[in-house]
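For reference, the structure discussed in these notes is given below.
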Amino acid sequence: MRELTYWQALQEALREAMQRDPSVFLMGEDIGEYGGAFGVTRGLLAEFGPERVRCTPISEATIVGAATGAALTGMRPVVEIMFMDFLTLAMDQLANHAAKFRYMYGSQAQVPLVVRAPAGGGRCYGATHSQSLEAWFLHVPGVKVIAPATPADAKALLTLAIRDNNPVLCVEHKLLYATTGMVPDTPEPTAIGCAAVRRAGHDVTLVAYSYYVGVALQAADALAAEGIDAEVIDLRSLVPMDTATILGSVRKTGRLVCVEEGTRSGGVGAEIAARVAEEAYEYLDAPIRRIAAADVPIPFSPALEPQALPQQDDIVRAARGLCR
Amino acid sequence: MGLSAAIPLSAAEARRVLFQLTLIRTFEERVLKLVSDGSIRGTTHPYVGQEAVAVGACLPLRADDWVMSTHRGHGHLLAKGGDANRLMAELFGKATGYGGGKGGTQHMADYAVGHLGSNGITGGGIPIGTGAALSAQMRRSGQVVVIFFGDGAVNQGTFHESLNLAALWRLPAVYVCENNLYAMSTPVHEACAIEHIADRAAAYGMPGTRVDGMDVLAVAAVVRTAVERARAGRGPSLIECKTYRFLGHSKSDQRVYRSREEEAAWRERDPIARFRASMMEHGLASAAELDAIARDAAAAVDAAVDFAQSSPFPGPGALTEGVFSLPCEDSRERGRAREGPDA
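Chain order of the listed sequences is A and B. Residues in the first sequence are numbered from 0 upward in steps of one, following numbering that gives the first Met the number 0. Residues in the second sequence are numbered from 0 upward in steps of one, following numbering that gives the first Met the number 0.
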């Protein structure tokens with residue numbers, strides 16, 4: 000056990016994967032000497048050289064497409080897309096190609112591709128550098144989506160993603176990079192698709208992922224002070240989604256609040272709510288609540304951005320309302 | 000004096016080339032018939048007229064070199080050594096097809112023969128082929144990747160991004176543009192401000208060559224030069240094959256955007272008739288032998304149709320199988336052409 004920052008944990012996963020497997024290499028914009036826009040790859044160029052830490056031109060479609068081609072032919076590329084917003088430029092390559100080749104071409108085609116994407120707001124970067132677009136990928140069969148909330152999970156899940164023979168999108172919230180946590184020497188979890196119950200409780204279930212796990216835990220503390228016992232589930236991966244753990248919790252608490260930073264309509268919370276409504280409707284004692292970003296482009300103004308993004312108080316109010 | 004000073008072919012090799020050209024033509028004409036009568040559902044993009052490009056471009060390739068194909072891709076697969084039976088079965092949506100019937104005409108691959116996949120998105124395959132070239136370079140495999148695309152694809156951003164990246168990294172890629180003059184109905188001169196797509200190569204710092212795409216050995220000669228350059232580590236090339244699709248863009252195209260006179264003029268340059276005449280002229284085959292090749296091709300297509308029609312449709316369970324690979328299969332050997340059909 001050591002204490003690491005989230006970015007250090009990600010870097011350890013990259014380094015150990017590259018040491019273990021010569022087919023693993025990195026591609027992305029400014030990931031060399033600069034270390035990537037958020038510093039995750041700093042030092043790796045010196046350690047592994049320019050052939051395996053490949054700085055690219057600003058060509059997102061071809062970065063992801065070329066990584067897909069390399070993945071189909073024996074390599075394990077890990078791509079960094081500088082801001083998740085820029086995935087729009089690579090969306091055809093991800094959604095029409097990487098995601099579909101295994102299904103269309105049969106088992107001869109495997110795409111062991113990882114796309115890392117710094118996501119989320121809270122830093123006043125404005126509408127094109129602050130989005131949480133992971134919900135889109137729930138609508139693209141063939142791509143896995145991991146969203147680690149802690150340094151330990153960041154290392155474990157990224158390690159698993161690199162070993163996975165499918166395209167995996169790694170959602171990295173920008174506000175998590177500097178956070179710290181204990182990272183075990185033996186990675187845990189051992190599979191993509193297992194949620195974690197971060198706090199056990201009986202009154203209401205809060206389901207969150209990535210940065211908002213921490214916010215939900217703080218909300219649970221605030222609720223506890225009011226005598227409301229919240230259970231907090233960290234999804235850890237959105238695809239596959241550990242529906243069983245969510246359903247088990249809701250059957251116990253009878254109340255559900257879905258928390259995410261993406262916009263509300265068609266979001267991750269909408270999917271969770273639908274699954275619970277289909278599978279555990281009879282256990283619900285109250286309506287399902289979604290806490291998500293407002294359906295607006297993320298505004299720049301420091302006065303407006305917090306209004307657009309979900310806050311701890313929003314979670315507390317929603318849970319309190321359900322428990323009245 | 001043989002057929003071509005640059006590409007000396009024995010009589011047997013020449014017969015093989017003619018067989019491949021004829022097989023593609025016969026296959027495509029049959030497929031169009033089967034689509035028209037409803038035996039094959041969906042659509043098809045016939046390669047008729049462009050056969051010399053696929054066959055010529057694959058002629059200088061090693062078995063383990065890759066090709067990246069397009070929506071008009073049946074010819075590329077057959078030219079690289081693909082199996083007409085499994086190709087036809089895929090068009091019928093049968094379990095014995097290349098993708099078990101899940102891909103269809105625009106989405107199939109045969110990694111055992113170095114075919115990376117056809118692709119239904121115009122320009123979508125260009126980065127993927129480029130990445131296969133990166134992989135070949137990193138694995139020091141000596142493989143070269145030939146990336147096919149049409150004139151319609153060269154105005155996609157992926158074309159620009161990929162050619163720049165390949166030149167920057169000196170990747171072993173050969174970009175083969177099949178300029179058949181029309182992107183569906185749009186004439187190339189209404190989509191490109193310059194006359195020759197090959198001229199764009201200068202912008203990327205790679206050689207650009209124009210070639211008569213109706214002359215199989217002329218195509219083979221320029222591709223061979225580019226392949227040798229790529230294999231020697233000297234980087235990519237852009238080749239523009241001036242060609243023509245004799246039929247419509249897809250099954251329902253009535254070709255209102257071009258004249259029958261223009262089509263007739265291009266038919267005069269039929270790559271198969273030309274190659275056949277050239278073989279006769281050089282005494283590489285008798286008329287009887289040439290007719291036998293045509294019969295062999297027809298028999299192969301008959302057999303493919305029989306195979307496809309007698310094959311089963313995908314069984315229960317096929318629908319949801321294969322969205323994901325098994326999580327952690329060890330697959331270090333991927334990238335080499337591999338044996339065996341889809342599991």
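In this text, a Cβ means the ideal position worked out from N, Cα and C, and glycines have one as well. Here the structure is a predicted model, which means the values were calculated and not measured.
Pop quiz: A/Val-78 and A/Val-113 are said to be a contact at Cβ under 8 Å. What is the actual Cβ separation, rounded to whole angstroms?
If you number the first sequence from 1, residue 78 of chain A lands on position 79. If you number the first sequence from 1, residue 113 of chain A lands on position 114. The Cβ separation is near 7 Å, so the contact holds.
For B/Ile-23, which option in B/Pro-315, B/Asp-305, B/Ser-309, B/Pro-270 has the closest C-alpha, if you only look at C-alpha atoms?
Along the second sequence, one-based indexing puts residue 23 of chain B at 24. Of B/Pro-315, B/Asp-305, B/Ser-309, B/Pro-270, the residue nearest in Cα terms is B/Pro-270.
At the level of alpha carbons, what is the spacing between A/Arg-1 and A/Pro-183?
For this step, residue 1 of chain A is matched to residue 2 along the first sequence. For this step, residue 183 of chain A is matched to residue 184 along the first sequence. Straight-line Cα distance between these residues: approximately 7 Å.
Drop a sphere of 10 angstroms on the beta-carbon of A/Pro-309, count the other beta-carbons inside from all chains shown, and report buried for 16 or more, exposed for fewer.
Here residue 309 of chain A refers to the residue found at position 310 when the first sequence is read from its first residue. Result: buried.
Using a Cβ-Cβ cut-off of 8 Å, state whether B/Arg-331 counts as contacting chain A.
Here residue 331 of chain B is taken as the residue at index 332 of the second sequence, counted from 1. In this predicted model, B/Arg-331 has a pLDDT of only 42, less than 50, meaning its place in the structure is not dependable; the value taken from the coordinates is given anyway. For B/Arg-331, the answer is yes, since a Cβ of chain A falls inside 8 Å of its Cβ.
Is the Cβ of B/Ala-342 closer than 8 Å to any Cβ of chain A?
In the second sequence, residue 342 of chain B corresponds to position 343, counting from 1. Low confidence applies to B/Ala-342: its pLDDT is 33, below 50, so where it sits in the model is not reliable enough to give any reading.
Between which two residues does the alpha helix (DSSP H) containing A/Cys-322 stretch?
The residue labelled residue 322 of chain A in the question sits at position 323 within the first sequence. Taken as a continuous stretch (DSSP letters only), the alpha helix (DSSP H) holding A/Cys-322 covers 311-322.
Thinking C-alpha only, which one of A/Leu-237, A/Lys-251, A/Asp-294 is nearest A/Val-390?
Since the first and last residues shown for chain A are 0 and 323, residue 390 of chain A lies out of range.
Using a Cβ-Cβ distance under 8 Å, would A/Gly-180 count as near chain B?
Position 181 of the first sequence, counted from the first residue, corresponds to residue 180 of chain A. Not one chain B Cβ lies under 8 Å of A/Gly-180.
Smallest Cα separation from A/Thr-67: which of A/Thr-149, A/His-96, A/Leu-246?
If you number the first sequence from 1, residue 67 of chain A lands on position 68. That would be A/His-96, whose Cα lies nearest to the Cα of A/Thr-67.
Between A/Gly-141, A/Ala-224, A/Ala-292, which has its C-alpha nearest A/Gln-130's C-alpha?
Here residue 130 of chain A refers to the residue found at position 131 of the first sequence. The shortest Cα separation from A/Gln-130 among A/Gly-141, A/Ala-224, A/Ala-292 belongs to A/Ala-292.
Taking only beta-carbon positions, decide if A/Phe-100 is within less than 8 Å of chain B.
Counting from 1 along the first sequence, the entry for residue 100 of chain A is found at position 101. It does; some Cβ of chain B falls within 8 Å.
Rounded Cβ spacing between A/Leu-216 and A/Val-231 (contact assumed at less than 8 Å):
Taking the first sequence and counting its residues from 1, one reaches residue 216 of chain A at position 217. Taking the first sequence and counting its residues from 1, one reaches residue 231 of chain A at position 232. Contact flag correct, Cβ pair sits at about 5 Å.
At a Cβ cut of 7 Å, what residues of the segment 186-205 of chain B count as close to chain A, listed as they run along the chain?
none
8 Å Cβ cutoff met for B/Asp-64 and B/Val-145
Numbered from 1 along the second sequence, position 65 holds the residue referred to as residue 64 of chain B. Numbered from 1 along the second sequence, position 146 holds the residue referred to as residue 145 of chain B. In contact: B/Asp-64 and B/Val-145 (Cβ atoms closer than 8 Å).
Roughly how many angstroms separate the alpha carbons of B/Leu-318 and B/Pro-7, rounded to a whole number?
Within the second sequence, residue 318 of chain B is the residue found at index 319, counting from 1. Within the second sequence, residue 7 of chain B is the residue found at index 8, counting from 1. So the alpha carbons of these two residues sit roughly 49 Å apart.
Interface residues of chain A around B/Tyr-97 at Cβ under 8 Å?
On the second sequence, position 98 is the one that residue 97 of chain B refers to. Residues of chain A passing the Cβ test: Tyr-104, Gly-105.
Those runs of the beta strand (DSSP E) which lie wholly inside the segment 122-174 of chain B and span at least 3 residues:
144-149
One or two residues paired with B/Trp-65 in a DSSP bridge
For this step, residue 65 of chain B is matched to residue 66 along the second sequence. B/Trp-65 is bridged to B/Val-144.
Return helix, strand or coil for B/Ala-181, following the three-state DSSP convention.
Indexing the second sequence from 1 puts residue 181 of chain B at position 182. The sequence shown places Tyr at residue 181 of chain B, rather than the Ala named in the question. Reduced to three states, the DSSP call for B/Tyr-181 is strand.
Residue-level contact to chain B via CB, A/Thr-55, 8 Å cutoff
Taking the first residue of the first sequence as position 1, residue 55 of chain A is located at position 56. Judged by the 8 Å Cβ criterion, A/Thr-55 is in contact with chain B.
Is it buried or exposed for B/Phe-312, if we count other Cβ within 10 angstroms and need 16 for buried?
Locating residue 312 of chain B in the second sequence gives position 313, counting from the first residue. B/Phe-312 comes out exposed.
Mapping DSSP to helix, strand and coil, what is B/Asp-341?
Position 342 of the second sequence, counted from the start, is the residue given in the question as residue 341 of chain B. Unreliable placement is indicated for B/Asp-341, whose pLDDT of 37 sits below 50; the coordinate value is still reported in the next sentence. Three-state result, B/Asp-341: coil.
How about B/Ser-68 and B/Gly-116: do their beta carbons lie closer than 8 Å?
Position 69 of the second sequence, counting from 1, holds the residue named residue 68 of chain B. Position 117 of the second sequence, counting from 1, holds the residue named residue 116 of chain B. Yes, these two residues count as a Cβ contact at 8 Å.
A/Ala-272 and A/Arg-289: beta carbons closer than 8 Å?
Mapped onto the first sequence, residue 272 of chain A falls at position 273. Mapped onto the first sequence, residue 289 of chain A falls at position 290. Yes; because the gap between Cβ atoms is below 8 Å, this pair is in contact.
Please tell me whether A/Met-81 and A/Ala-118 are closer than 8 Å, where the distance is taken between their beta carbons.
Within the first sequence, residue 81 of chain A is the residue found at index 82, counting from 1. Within the first sequence, residue 118 of chain A is the residue found at index 119, counting from 1. No.
Pull up the CB-CB distance for B/Ala-13 and B/Met-278, whole angstroms please, since I reckon it's below 8 Å.
One-based indexing of the second sequence puts residue 13 of chain B at position 14. One-based indexing of the second sequence puts residue 278 of chain B at position 279. With 8 Å as the limit, B/Ala-13 and B/Met-278 qualify as a contact, their Cβ atoms being about 5 Å apart.
Would you please verify whether the beta carbon of B/Asp-127 is less than 8 Å from any beta carbon of chain A?
Against the second sequence, residue 127 of chain B aligns to sequence position 128. The residue you asked about is not Asp; residue 127 of chain B is Ile in the sequence shown. Yes - at least one Cβ of chain A is within 8 Å of the one on B/Ile-127.
When the cut-off is 8 Å and only beta carbons count, does B/Leu-60 lie next to chain A?
As a position in the second sequence, residue 60 of chain B is number 61, starting the count at 1. Judged by the 8 Å Cβ criterion, B/Leu-60 is not in contact with chain A.
May I ask which residues mark the beginning and end of the alpha helix (DSSP H) holding B/Ser-38?
The count along the second sequence starts at 1 and reaches residue 38 of chain B at position 39. Per DSSP, B/Ser-38 belongs to no alpha helix (DSSP H) and is neither H nor E.
What is the residue span of the alpha helix (DSSP H) that A/Ile-271 lies within?
As a first step, residue 271 of chain A is located in the first sequence; it is residue number 272 there, counting from the start. Per DSSP, A/Ile-271 belongs to the alpha helix (DSSP H) from 267-279.
Beta-carbon neighbours of B/Asn-406, restricted to chain A and to distances below 8 Å:
Missing from the structure shown is residue 406 of chain B; chain B here goes from 0 to 342 and no further.
The alpha helix (DSSP H) with B/Glu-89 in it runs from where to where?
For the purposes of this step, residue 89 of chain B is taken as residue 90 along the second sequence, with counting starting at 1. Run containing B/Glu-89: 83-90, per the alpha helix (DSSP H) assignment.
Mind checking if B/Glu-328 is an interface residue toward chain A, Cβ cutoff 8 Å exclusive?
As a working note, residue 328 of chain B is residue 329 in the second sequence. Bear in mind that a pLDDT of 44 at B/Glu-328, under 50, signals an unreliable position, so the number given afterwards is only what the model happens to contain. For B/Glu-328, the answer is yes, since a Cβ of chain A falls inside 8 Å of its Cβ.
Using a C-beta to C-beta distance shorter than 9 Å, which residues of chain A count as neighbours of B/Asn-157?
To locate residue 157 of chain B, count along the second sequence from 1; it is residue 158. A small correction: the amino acid at residue 157 of chain B is Thr; Asn does not occupy that position in the sequence shown. Result: Ser-58, Ala-60, Thr-61, Gly-64, Asp-91, Gln-92.
Given a threshold of 16 other Cβ atoms within 10 Å of its Cβ, counted over all protein chains shown, does B/Gly-234 qualify as buried or as exposed?
Here residue 234 of chain B is taken as the residue at index 235 of the second sequence, counted from 1. It is buried - the Cβ of B/Gly-234 has at least 16 other Cβ atoms within 10 Å.
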